[in-house]
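**Student:** Using our numbering, read the sequence shown as starting at 395 and increasing by one per residue. Ideal Cβ placement from N, Cα and C applies to all residues, glycine included. Note that the coordinates shown come from a computational prediction; the quantities given were computed from them, not determined experimentally. Please find one structure pasted underneath; my questions will follow.
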Amino acid sequence: MLKSEHRTKALGKRIGEEMEGWTVERVLRQNLGVSRGLLRRAKGSGSILLNGQLVKTNQRVAVGEMLEVYFEEEKHSIIPQRMPLDIRYEDEGLLIVNKPAGILVHPLTNEPTGTLANGVVHYFQEQGENIRFRPVHRLDRGTSGLVLVAKSSYIHHQLAKRLTANLFTRRYIALVHGQMKEDRGTIREPIGLVDGSFIKRIVTSQGKEAVSRYQVLRSFKKWSLVAVELETGRTHQVRVHLAHLGNPLLGDNLYGGDNNFIARPALHCGFLAFTHPHSNQVIKVACPIPKDMRKLLG
């Protein structure tokens, strides 16, 4: 018998006609997309149930049966910390939070508190859930906007695959210096580290593939409002690509921007869209730009 207070349910699946006679392992791997690592974990510390009974992965299934996978509650080292969270979407599998500019997504050794992770872990604990912090993507400290957090390793694995396969829409809003030469376009320029730096990036033939699509939304005398969608997710990608075009972000002094107008890079992740791994429904979440960017629009 399962002790539910020490385990969390990762996923469940009602067996359909197309899976009649399949093994449990085939259902998990082929239909649900469970990775080999997760399958090993399910066989070990977790529990696999068919109609509420423990079952081996070579067991064959029948139409109408219910397959469920549970895992031991997870241990994590992140310090829970109460903080206001602007939650834009939540269900049993994921959480989407609007991160303010100025805080990290994940703690560092020399900065163990004050991050989004600390606040989310505290929030989960308040809900009676012992869930590890699993961001599907990250934002720089100075970037505001939507961060998607998975509540299980299975959901994280599925969403990460969608992200890698470019089945995931991330739309950023940026304020850049000057006027863009073209109203819209695609930037296909590889990005890598600047020699001798652990932080700054540059467009270089030695870098990794990076693709950004942009569209000018509005032009002003000294700057432009631009929407950018990512096909890849390189560190500082939007910042590097726009600076490469000669239009660095306002406030981004690392890449040539002037911070007299705004105290941080004027970049906001304002829209996410993806297919939910459990329901297969398309989830769309939007978030307006914050005050420090909005005031520059007049």
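Whose C-alpha, out of T451, G446, L444, is nearest the C-alpha of L432?
**Tutor:** T451
**Student:** Using the beta-carbon count (16 or more within 10 Å), is L553 buried or exposed?
**Tutor:** buried
**Student:** When the Cα of G513 is compared with those of M413, I481, G536, which residue comes out closest?
**Tutor:** I481
**Student:** CB-CB under 7 Å to V455, same chain, minus the five flanking residues each way: which ones, in chain order?
**Tutor:** I409, M413, W416, V418, V421, L444, L461
**Student:** Within this structure, are the beta carbons of H638 and E583 separated by less than 8 Å?
**Tutor:** yes
**Student:** Run through DSSP, which three-state label would S599 get?
**Tutor:** DSSP places S599 outside both helix and strand once states are collapsed to three, so it counts as coil.
**Student:** I'd like the span of the alpha helix (DSSP H) that includes I549, first residue to last.
**Tutor:** First-last of the alpha helix (DSSP H) with I549: 547-558.
**Student:** Helix, strand or coil: how does DSSP classify Q519 here?
**Tutor:** helix
**Student:** Could you give the first and the last residue of the continuous alpha helix (DSSP H) run that contains G431?
**Tutor:** 430-437
**Student:** Would you say I593 and G586 are within 8 Å of each other, going by their C-beta atoms?
**Tutor:** no
**Student:** Output the distance between the C-alpha atoms of Y566 and H662, rounded to the nearest integer angstrom.
**Tutor:** 5 Å
**Student:** Tell whether a beta-carbon distance below 8 Å holds between W617 and G650.
**Tutor:** no
**Student:** Excluding five sequence neighbours on each side, which residues of the same chain lie with their C-beta closer than 7 Å to the C-beta of R628?
**Tutor:** Short of 7 Å from the beta carbon of R628, and not among the five residues preceding or following it, lie these beta carbons of its own chain, in chain order: I585, K602, A604.
**Student:** Please report the Cβ distance between I490 and L542, rounded to the nearest whole angstrom; I am assuming they are in contact, meaning their Cβ atoms lie under 8 Å.
**Tutor:** In this structure I490 touches L542 by the C-beta definition: roughly 5 Å separates them, less than 8 Å.
**Student:** What residue range is occupied by the uninterrupted alpha helix (DSSP H) comprising Q631?
**Tutor:** 631-638
**Student:** Pull the bridge partners of Q710 from the DSSP assignment, please.
**Tutor:** The first residue shown for the chain is 395 and the last is 692, placing residue 710 beyond what the model contains.
**Student:** Nearest CA to the CA of T509: which residue from F665, S673, N524, I473?
**Tutor:** Nearest of F665, S673, N524, I473 to T509, Cα basis: I473.
**Student:** What ranges does the beta strand (DSSP E) occupy inside the segment 474-516, keeping only unbroken runs of at least 3 residues that lie completely in it?
**Tutor:** 480-484, 488-493
**Student:** If you follow the alpha helix (DSSP H) that K678 is part of, which residue opens it and which one closes it?
**Tutor:** Premise fails: K678 lies in the beta strand (DSSP E), 676-680, not in any alpha helix (DSSP H).
**Student:** Mark G536 as exposed unless 16 or more other C-beta atoms lie within 10 angstroms of its C-beta, in which case mark it buried.
**Tutor:** That one is buried.
**Student:** Suppose contacts are defined by Cβ-Cβ distances below 8 Å. Is V679 in contact with Y483 by that definition?
**Tutor:** yes
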